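Worksheet: one structure, shown below.
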């Protein structure tokens, strides 16, 4: 059996009890931290909390040479874990399908996700979000302007009154995380006076939510990563009240968006 | 302090370790199960697992008379828990803002959500989903046809190549859950030969994923609730492979959607 366990958002206590039990009872535990990391726990913390050895693999070790993982999963219990929810993007679908093809049973123990936490912490309703997008590092994009994919997504959502969650690029291997002030500055090129909402350290014990003009957010600082940014569409009254109370958004800015 | 704890998707082990710790150390634990329930755990199971007394409130008790909860949270640790993630919709934002107004510290311990699990179990990429929608019971809607809100959402997403998550109506108080076969039949009125994906019992030990024409899904049965339905937009190759392998979708149907 190959069990995919989502470790959740922050530290060794962000995993579900079911996920922890799966890790503890596994014959072998493999993890990857190149797609994302737990800001609040090193691998040693996870090993100590779960009283087990955890083998960390790099991208090549997962994508090019998963043979030994599958071999073991064929006749024992192997757990493969990642931050967040392991299967939320298609990154590890390939591994699951390889197991499936070999007749190996697979199971997913879900983890909490940044997408859900962004909605939950801001008071913005989960099903008033449209498609999400990612703002890539300037270096991975030609120039430091705002990529068309981001503008298209924000515009497509705003046309329909929907919120846009903007994931900020992560280079987990070199511990490089785009900060929300930098992201707000880039978005402000196109959306200077538009309301933005910063979510910092979602899932940690000290998350921060801050809502204001993107040009204002560009001049603030939000502490340790991870950061996310939301560009709200239309606001219901409860959403307006939440952004005012929890994010300190100026009333005039909020009122323009209330429907 | 008022801590909102998401209990996650299925039973007493679906909560995070951090959430369990918050419940165990609280001076008072209040829960509501009118917005959603845990299919795999009764209140007694939760009380036994967390070795604490849990006071269940109905909607009136939460929305009209939360005074005693706030009074206690002003000078002791109160936990308010729900299935899923407590703050993902705006249902309980009001309670959080009331606490905030009184200067009571609030905290959110996130839970796993059906929205994330639907993406994770099907292999459909989380940020290729557009706005989600809910298919209401026929009785809460005029007639048994397909509400315009559902059609508009599916169309708006399909126009942009995006997947639509369709939540199926729940009447948790009377244990009434819309089944995916019934939902598929209603959607098939407008989308007979369109690909649909059923997700049953997300987050439980025996989830099911099934992908086929909506008219075909209407004639199948998917066991115990909760059920969800996804109407995919365009498919990437990995998404296609996942729906074929995990959902048994016919190849011809999938190929039409591949970009």
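Residue numbers (our numbering), protein chains in the order written: chain A, 7 to 265; chain B, 7 to 265.
Glycine residues also receive a C-beta, built at the ideal position from the N, C-alpha and C atoms.
Small disclaimer: the values here were computed from a predicted structure and weren't measured.
When you compare only the Cα positions, how much space is there between residue i and residue j?
| i | j | result |
| --- | --- | --- |
| residue 74/B | residue 263/A | 34 Å |
| residue 50/A | residue 88/A | 15 Å |
| residue 155/A | residue 16/B | 37 Å |
| residue 34/B | residue 79/B | 9 Å |
| residue 37/B | residue 20/A | 21 Å |
| residue 119/B | residue 117/A | 9 Å |
| residue 218/B | residue 121/B | 20 Å |
| residue 57/B | residue 114/A | 27 Å |
| residue 201/B | residue 8/A | 28 Å |
| residue 257/A | residue 206/A | 22 Å |
| residue 246/A | residue 151/B | 33 Å |
| residue 190/B | residue 229/B | 15 Å |
| residue 99/B | residue 221/B | 39 Å |
| residue 132/B | residue 67/B | 35 Å |
| residue 203/A | residue 249/A | 8 Å |
| residue 157/A | residue 212/B | 40 Å |
| residue 46/B | residue 25/A | 16 Å |
| residue 61/A | residue 41/A | 16 Å |
| residue 111/B | residue 159/A | 35 Å |
| residue 227/B | residue 44/B | 21 Å |
| residue 175/A | residue 238/B | 26 Å |
| residue 272/B | residue 109/A | It is not possible to answer for residue 272/B, since the shown part of chain B is limited to 7 through 265. |
For the beta strand (DSSP E) holding residue i, just list the boundary residues, first then last.
| i | result |
| --- | --- |
| residue 60/B | 60-63 |
| residue 130/A | No beta strand (DSSP E) contains residue 130/A, which DSSP labels as neither H nor E. |
| residue 233/A | 233-237 |
| residue 118/B | Element bounds for residue 118/B: n/a, residue is neither H nor E. |
| residue 18/B | Note, residue 18/B: premise wrong, no beta strand (DSSP E); not H, not E. |
| residue 290/B | In this structure chain B extends from 7 to 265, so residue 290/B is not present and cannot be described. |
| residue 140/B | 139-141 |
| residue 38/B | 34-38 |
Between the options, which lies nearest to residue i when the distance is taken from Cα to Cα?
| i | options | result |
| --- | --- | --- |
| residue 216/A | 17/A, 58/A, 233/A | 233/A |
| residue 181/A | 39/A, 138/A, 166/A, 209/A | 39/A |
| residue 130/A | 94/B, 22/B, 61/B | 94/B |
| residue 187/B | 30/B, 236/B, 82/B, 257/B | 236/B |
| residue 170/A | 53/A, 162/A, 176/A | 162/A |
| residue 138/A | 196/A, 173/A, 90/A, 127/A | 173/A |
| residue 86/A | 30/A, 108/A, 135/A | 30/A |
| residue 140/A | 127/A, 177/A, 18/A | 177/A |
| residue 123/B | 92/A, 103/A, 166/A | 92/A |
| residue 196/A | 32/A, 153/A, 214/A | 153/A |
| residue 126/A | 252/A, 259/A, 261/A, 260/A | 252/A |
| residue 167/A | 136/B, 143/B, 146/B | 136/B |
| residue 69/A | 97/A, 54/A, 128/A | 97/A |
| residue 255/A | 265/A, 208/A, 81/A, 199/A | 199/A |
| residue 145/A | 165/A, 184/A, 224/A, 107/A | 184/A |
| residue 164/B | 134/B, 227/B, 59/B | 134/B |
| residue 104/A | 77/A, 83/A, 90/A, 261/A | 77/A |
| residue 82/B | 32/B, 243/B, 102/B | 32/B |
| residue 106/B | 192/B, 10/B, 210/B, 214/B | 10/B |
| residue 65/A | 90/A, 175/A, 179/A | 179/A |
| residue 224/B | 265/B, 194/B, 241/B, 242/B | 194/B |
If you follow the alpha helix (DSSP H) that residue i is part of, which residue opens it and which one closes it?
| i | result |
| --- | --- |
| residue 25/A | 23-31 |
| residue 154/A | 154-165 |
| residue 54/A | 49-56 |
| residue 258/B | 257-261 |
Mind checking if residue i is an interface residue toward chain C, Cβ cutoff 8 Å exclusive?
| i | result |
| --- | --- |
| residue 179/B | In the displayed structure, chain C is absent; the protein chains listed are A and B. |
Next item on the list: Scan the segment 235-260 of chain B for residues whose Cβ lies nearer than 8 Å to a Cβ of chain A and list them as they occur along the chain.
Entry: For chain A, the residues of the segment 235-260 of chain B that bring a beta carbon within less than 8 Å of one of its beta carbons are 242, 244, 245, 247, 248, 251, 252, in chain order.
Notebook entry, point to check: For the segment 68-106 of chain A, which segments carrying the beta strand (DSSP E) assignment without a break, of at least 3 residues, lie completely within its bounds, in sequence order?
Noted result: 84-88
Notebook entry, point to check: Closer than 8 Å, Cβ to any Cβ of chain A: which residues of the segment 86-97 of chain B, in chain order?
Noted result: 91, 92, 93, 94, 95, 96
Checklist line | Residues of the segment 209-239 of chain A with Cβ closer than 7 Å to any Cβ of chain B, in chain order | finding: 209
Margin query: Give me the subset of the segment 63-75 of chain B whose CB atoms are less than 9 Å from a CB atom of chain A, sorted by chain position.
Written below: none
Next item on the list: May I ask you to list, following chain order, the residues of the segment 16-48 of chain A that have a beta carbon less than 9 Å from some beta carbon of chain B?
Entry: Flagged, chain order: 16, 17, 18, 19, 20, 21, 22, 23, 24, 25, 26, 27.
Checklist line | Members of the segment 103-132 of chain B that neighbour chain A once the beta carbon cut-off is set at 7 Å | finding: 103, 106, 114, 116, 117, 118, 119, 121, 122, 123, 125, 126, 127, 129, 131, 132
Check: In chain order, which alpha helix (DSSP H) runs of at least 4 residues are fully inside the segment 175-244 of chain A?
Finding: 186-197, 220-223
Check: Of the residues that make up the segment 145-168 of chain B, which ones have a beta carbon closer than 7 Å to any beta carbon in chain A?
Finding: 162, 166, 168
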